[in-house]
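Taking it in order: structure first as structure tokens, then the write-up.
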Amino acid sequence: MKIMTNLEKITITHEFQQVCDIFKLSPEQVVQDFIDNVSIADYLCDPYSLNRWANTFVFEYVIAQVESEEIMVKYGKFAEKLVNAALANPKDAKDLAQKMVDEWHQAVLEDRIKEVMEEKDQSNDK
């Protein structure tokens, strides 16, 4: 599923432009290829895939950005659950994994909506 988003605010660094120029790459295509290769489900089902590097970068970024050990433990438990489900059903692993990630994503969005509504209610009470 593709979601159209305008990324005009991204600044191309001199070094990134140099790499693109030297190797005749389009900065837009490099970024698009990176985005196209980010998939929690694919990575957890096949961590040695040739396309793993975008996911490796994203997970390293997440680890560096997340400040709560509780959240990291929660993510780890989900990843373990997903991997175990994939190992139990190797034939349907990627479909099952994507369904689990979709459900997780939906739950996270619902939790965030609740948080925003609670914050709004609290600010209205003041």
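Heads up: the sequence shown begins at 1404 in the working numbering, then just goes up one per residue. Ideal Cβ placement from N, Cα and C applies to all residues, glycine included. Only a predicted model underlies this, so the values are computations on that prediction, with no experimental measurement involved.
*asked:* Quick check: what's the CA-CA separation for V1434 versus L1453?
replied: 17 Å
Subject >> Own chain partners of F1462 with C-beta closer than 8 Å, once the 5 adjacent residues on each side are dropped >> reply: Y1446
Okay, do the region 1478-1490 and the region 1421-1430 touch, 3+ Cβ pairs below 8 Å being the bar?
no
Next on the checklist: Can you list, in chain order, the residues of its chain with a C-beta nearer than 6 Å to that of C1448? Leave out the 5 residues immediately preceding and following it.
Outcome noted: A1489, A1496, K1497 and A1500
- Residue burial classification, A1444 (beta-carbon count within 10 angstroms, cutoff 16): buried
**Message:** Taking 6 Å as the limit between beta carbons, can you name the residues of its chain near E1411, skipping five residues before and five after?
**Reply:** none
Does D1528 come out as helix, strand or coil in the three-state DSSP assignment?
helix
**Q.** Alpha carbon of F1419 to alpha carbon of Y1451, nearest angstrom
**A.** 26 Å
Q. Where does K1494 fall in DSSP's three states?
A. helix
Residues in its own chain within less than 7 Å of T1416 by CB, not counting five upstream and five downstream? none
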